[in-house]
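This report refers to the structure that appears directly beneath it.
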Amino acid sequence: MTQIKTVIIDNGTGSTKAGFGGEDTPRHVFPTIVGYPKEGNKFIGDQLSKSKTKLKLVFPIKRRGITEWQELEDLWDYTFKQKLEVEPENARLFLTEPPLETNENREKKCQVLFETFGINSLALNIQPVLSLYSFSKQNGVVLEIGKSYSSTCCVFQGTVIPQTINRLHLGGKDITKYLIKLLNGEKNEEKQLTLEKDWDLIRSIKEKMCFVSKNPSTEEKRSSLNQLTKTFESNNSTFTLSKNRYLATEILFKPQLINLNNEPNITSLITKSVGQCDERIQNEIYHSIVITGGSSRFKGLKERVEKELKTLLGNRSFNVIFPVDTLISAWVGASMLSVAQNFQESWFTKEQYNEIGVKEVHKRFYHQF
Ligand SMILES: Nc1ncnc2c1ncn2[C@@H]1O[C@H](COP(=O)(O)OP(=O)(O)OP(=O)(O)O)[C@@H](O)[C@H]1O
Ligand SMILES: [Mg+2]
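Going by the working numbering, the letters in the sequence shown line up with residues 1409 to 1777, in that order.
If you want it as structure tokens, here you go:
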């Protein structure tokens, strides 16, 4: 008999993390992108080379959810067959979902996976719950800052409390965009960095050089400009980072800098979510504030959030925790849960799908009856 493999896929709007249940880290992390050349075969995920500018790029998952099903299927097919070398029929798949996934999308994913891919069984859970689970915790509030958005939600007894899910359309790509704007400053138009041409360069500079200041108004005094200054070349022009290294991430704390005028910042998003759950459990929830997602990797972010929370919460005690690697924490939680003894009965099998139908996924994984 063929051995059934446990496959874990976490599809973010920016990157896909894929590997095997029970392992500590994903085997592969690659962009959630399909690229079409003028002629010939499309490029999927990490097949995209540096010549990306010559391709028409399709991002199958966007801020507001899945928009391109064909390309999502291409990515799944690539993940199973080329990256993990598993035939889908021989796989049980644990798939992560964003907070606020629609029932319609969830059903469609399930149908495609069972009917087109023929997977053996399926499990679903939302990314923040899984990040919390990666700490073996069942109660807490999770702030996730990914590529396209930030979200918070409270989890109690391992289940998300739906009315506490809040989303802010602000993520890593907005920080990259804002950094480009700051760097262009007063430069002539022909020397300016552009979103299309310089995106990957500035994203990588952001990831390596930017940080969050604990106190931006006095940062200049603390770390001398000399220490902060880094230069690089593009478009035959020299760009200087200096203060932009911490000013770019300020949009997380002041969304109005990018015209999100009536939106709470990431710290207020946490207190907003906790305020939306039953008062009797709020103290317990504040005990585990998990911050996760690739864009929380910035140095100094934890200290700044803690400082702002102190101001907002006064004497109330709280505890902020960070996964070892925030980019993969949802994947890690899913990997752990997929092999937990008491989870094994939860798998939704192909036979059950054929017998009871697709609506079962909402009941089984989200207690929606
Ligand atoms: N070292 C780093 N410092 C700062 N930001 C980083 C770092 N590494 C990755 N990022 C940013 O993290 C983001 C990707 O994070 P993540 O993989 O959690 O997002 P995603 O799951 O693809 O997107 P989403 O959750 O929004 O759908 C990108 O914007 C990337 O630039
Ligand atoms: Mg994500």
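Heads up, the beta-carbon is just placed ideally off N, CA and C, and yes, glycines get one too.
- Cβ neighbours of Q1546 within its own chain (closer than 6 Å, five residues either side excluded): Q1565 and G1566.
- Not one heavy atom of ligand 1 lies closer than 6 Å to the C-beta of S1645.
- A direct Cα-to-Cα measurement between D1582 and K1589 gives close to 10 Å.
- Taking C-alpha positions only, K1616 is separated from G1765 by approximately 47 Å.
- Here the residues close to ligand 2, judged by CB distance below 5 Å to any of its heavy atoms, are G1420 and G1554 in chain order.
- Going by DSSP, R1705 is part of no alpha helix (DSSP H) at all; its letter is neither H nor E.
- Partner residues in the beta bridge of R1500, as assigned by DSSP, are T1414 and S1529.
- Non-local beta-carbon contacts of L1717 in its own chain, meaning distances under 8 Å to residues more than five positions away in sequence, involve T1675, I1678, T1679, I1697, F1726 and V1728 in chain order.
- With a 10 Å radius around the Cβ and a threshold of 16 neighbouring Cβ atoms, K1446 comes out exposed.
- Put simply, the backbone Cα of T1487 is about 24 Å away from that of N1511.
- By the Cβ neighbour-count rule, E1594 is exposed, with fewer than 16 other Cβ atoms within 10 Å of its own.
- Spanning the alpha carbons of P1663 and V1620 requires a straight line of approximately 14 Å.
- In the structure shown, G1765 adopts coil according to DSSP, grouped into three states.
- With contacts defined as CB atoms closer than 7 Å, G1554 and G1701 qualify as a contacting pair.
- For T1440, same chain residues with a beta-carbon under 7 Å away, outside a window of 5 residues either side, are N1419, G1420, T1421, G1422, S1423, T1424, F1467, P1468, I1469 and L1483 in chain order.
- Counting along the chain, the unbroken alpha helix (DSSP H) around N1513 starts and ends at N1511 to Q1519.
- Nearest to N1528 by alpha-carbon distance, out of V1537, P1536, I1534 and C1518, is C1518.
- Three or more Cβ pairs closer than 8 Å define a contact, and the segment 1646-1664 falls short of that threshold against the segment 1494-1507.
- With a cutoff of 7 Å on beta-carbon distance, I1573 and C1685 are scored as not near each other.
- N1419 is bridged by DSSP to T1424.
- In this structure, S1746 is the residue among S1746, S1539, P1434 and P1536 with its C-alpha nearest to the C-alpha of I1412.
- For secondary structure counted as the alpha helix (DSSP H) over 4 or more consecutive residues, the segment 1527-1563 holds these complete runs in sequence order: 1535-1541.
- A direct Cα-to-Cα measurement between Q1776 and Q1571 gives close to 14 Å.
- Bridge pairing for I1736: absent [DSSP].
- Burial is judged here by how many other beta carbons sit within 10 angstroms of a residue's own beta carbon; V1732 has fewer than 16 and is exposed.
- Every alpha helix (DSSP H) of 4 residues or more that sits fully in the segment 1626-1654 is shown, in chain order, as 1627-1630 and 1633-1636.
- Within the segment 1451-1495, the runs of alpha helix (DSSP H) at least 4 residues long that lie entirely inside it are, in chain order, 1477-1485.
- Secondary structure remark: continuous beta strand (DSSP E) runs of at least 3 residues inside the segment 1564-1620, in chain order: 1574-1576.
- Spanning the alpha carbons of I1417 and G1427 requires a straight line of approximately 7 Å.
- In the structure shown, I1666 adopts helical secondary structure according to DSSP, grouped into three states.
- One Cα belongs to K1707, the other to V1437, and the distance between them is close to 22 Å.
- With a cutoff of 6 Å, E1615 counts as near ligand 1, since its C-beta is closer than that to a heavy atom of the ligand.
- The beta carbon of R1472 sits no closer than 6 Å to any heavy atom of ligand 1.
- Within 10 angstroms of the beta-carbon of G1429 lie 16 or more other beta-carbons, which makes it buried.
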